[in-house]
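Novice: Numbering (the numbering used here), first residue to last: 2 to 336. Glycine is no exception: its CB is placed at the ideal position from the N, C-alpha and C atoms. Given the structure is predicted, the values throughout are model-derived calculations rather than measurements.
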Ligand SMILES: [Mn+2]
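#1: Count the other CB atoms, across all protein chains shown, that sit within 10 Å of the CB of residue 125; report buried if there are 16 or more and exposed otherwise.
#2: Within this structure, are the beta carbons of residue 36 and residue 206 separated by less than 8 Å?
#3: Could you check whether residue 311 and residue 281 sit closer than 8 Å to each other, using their CB atoms as the reference points?
#4: Let me know if residue 156 comes out buried or exposed under the rule of 16 or more other beta-carbons within 10 Å of its beta-carbon.
#5: Between the C-alpha atoms of residue 164 and residue 70, what's the straight-line distance to the nearest angstrom?
#6: Counting along the chain, where does the alpha helix (DSSP H) carrying residue 317 start and finish?
#7: Just to confirm, does residue 254 get its C-beta within under 7 Å of one of the non-hydrogen atoms of ligand 1?
#8: DSSP three-state label for residue 282, please.
#9: Check whether the region 309 to 327 touches the region 267 to 286, taking contact to mean three or more Cβ pairs, one atom from each stretch, closer than 8 Å.
#10: Could you tell me whether the region 173 to 185 touches the region 12 to 30, where touching means 3 or more Cβ pairs closer than 8 Å?
#11: Under three-state DSSP, which class holds residue 86?
#12: With a threshold of 8 Å, are at least 3 pairs of Cβ atoms found where one atom belongs to the region 51 to 61 and the other to the region 184 to 196?
#13: Taking residue 17 as the reference, which of 98, 64, 49 has the closest Cα?
#14: Please confirm if the region 64 to 79 is in contact with the region 125 to 141, defined as three or more CB-CB distances below 8 Å between the two stretches.
#15: I want to know whether the region 223 to 238 touches the region 258 to 273 - three or more CB-CB distances under 8 Å.
#16: What's the C-alpha gap between residue 212 and residue 317?
#17: How many whole angstroms separate the CB atoms of residue 5 and residue 178, which I take to be in contact at a CB cut-off of 8 Å?
#18: Can you determine whether any heavy atom of ligand 1 sits closer than 7 Å to the C-beta of residue 141, and answer yes or no?
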């Protein structure tokens, strides 16, 4: 395996030698995806590079405070094939970008991948220049962006610091999850010194919920059930519940943390049918269960303690399968 410093150099070399970029991340972008895209976008534009920021889906309204958030577009530029570098952030499978991912990959001249999810990336499958850093020990993809900017000697502005701090704060659940390390706090210190405002960002990320969201959370909590002596907890959301509250799917991003917060829990799941016949599931664990592996049984993936999957079906069928499979991951503890 390549050492991280070598990968950083390769990524830095690609970014500095190209003039045109499409910067993107996974569909239904979260704080790390949006923060990373914007940080990268600000930096490339400051360095006079022609840059388009693209996500398949809308930026959640809770992240619209981030500088430049309104500049993210949801259509790829009509650039000549072979004329731009594709920067893929916070995911390492091209499918995760969404329906335009394959086209963007086919049309680009070169690729940069920065990510911290489990996986190998797709550089080896390409015949075009590609550089990647896939570091599962990184607290957030934005921290990898930060390392690359440092290597390039690009000074961290207040707006870039705000984007990266937001990414780190949200991806670590407010410096609480297992991806939080001394490096995370070192990074946070540098970002605050560069002008990120911890109180303001925390208010906007964690204490700016619309009423529709709290109402929907109430309904989700009503459905909370536990299995295996409380080791597994499951919540369900149906299209009717969304309609009743006037809430959007993006507003449910942190609901699963309530299921995880139960004292007895090892695995927590939120099973969401946001549109009829299609289910998306968020999984969390506290200590010993690798939920990325559990999710892979359903075609999903993620991190050791945080993962998910999406599939056609109804939430109650998926729930039954999940309960059955979770038992084998809980092992003796579940008996
Ligand atoms: Mn992330």
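Specialist: Quick answer:
#1: In the chain shown, the residue the question calls residue 125 occupies position 124. Answer is exposed; the Cβ neighbour count stays below 16.
#2: Position 35 of the chain shown, counted from the first residue, corresponds to residue 36. Position 205 of the chain shown, counted from the first residue, corresponds to residue 206. Cβ distance not < 8 Å, so residue 36 and residue 206 don't count as in contact.
#3: Residue numbering aside, residue 281 sits at position 280 when the chain shown is read from its first letter. Residue numbering aside, residue 311 sits at position 310 when the chain shown is read from its first letter. Judged by their CB atoms, residue 281 and residue 311 are nearer to each other than the 8 Å cut-off.
#4: In the chain shown, the residue the question calls residue 156 occupies position 155. Flag for residue 156 reads exposed.
#5: For the purposes of this step, residue 164 is taken as the residue at position 163 of the chain shown. For the purposes of this step, residue 70 is taken as the residue at position 69 of the chain shown. A straight line joining the alpha-carbon of residue 164 with that of residue 70 spans about 10 Å.
#6: As a working note, residue 317 is residue 316 in the chain shown. Membership of residue 317 in the alpha helix (DSSP H) is indicated by the continuous run 316 to 331.
#7: The residue you call residue 254 lines up with position 253 of the chain shown. Every heavy atom of ligand 1 is 7 Å or more from the Cβ of residue 254, so no.
#8: Within the chain shown, the letter at position 281 stands for residue 282. DSSP places residue 282 in strand when its eight states are reduced to three.
#9: The region 309 to 327 and the region 267 to 286 touch, with no fewer than 3 CB-CB distances between them shorter than 8 Å.
#10: Contact between the region 173 to 185 and the region 12 to 30 is absent: fewer than three C-beta pairs spanning the two stretches fall below 8 Å.
#11: Translated into the one-based positions of the chain shown, residue 86 becomes position 85. In the structure shown, residue 86 sits in a strand (DSSP, three-state: E or B).
#12: Result no; under three Cβ-Cβ pairs closer than 8 Å.
#13: On the chain shown, residue 17 is found 16 positions in, with the first residue counted as 1. Taking each of 98, 64, 49 in turn and checking the Cα distance to residue 17, the smallest one comes out for 49.
#14: Segments in contact, no.
#15: Contact holds: three or more Cβ-Cβ distances are below 8 Å.
#16: Reading the chain shown from its first residue, position 211 is the one you call residue 212. Reading the chain shown from its first residue, position 316 is the one you call residue 317. So the alpha carbons of these two residues sit roughly 27 Å apart.
#17: By 1-based counting over the chain shown, the position of residue 5 is 4. By 1-based counting over the chain shown, the position of residue 178 is 177. Rounded to the nearest angstrom, the Cβ distance from residue 5 to residue 178 is 21 Å, too far for a contact under 8 Å.
#18: As a first step, residue 141 is located in the chain shown; it is residue number 140 there, counting from the start. Checking the Cβ of residue 141 against ligand 1 gives yes.
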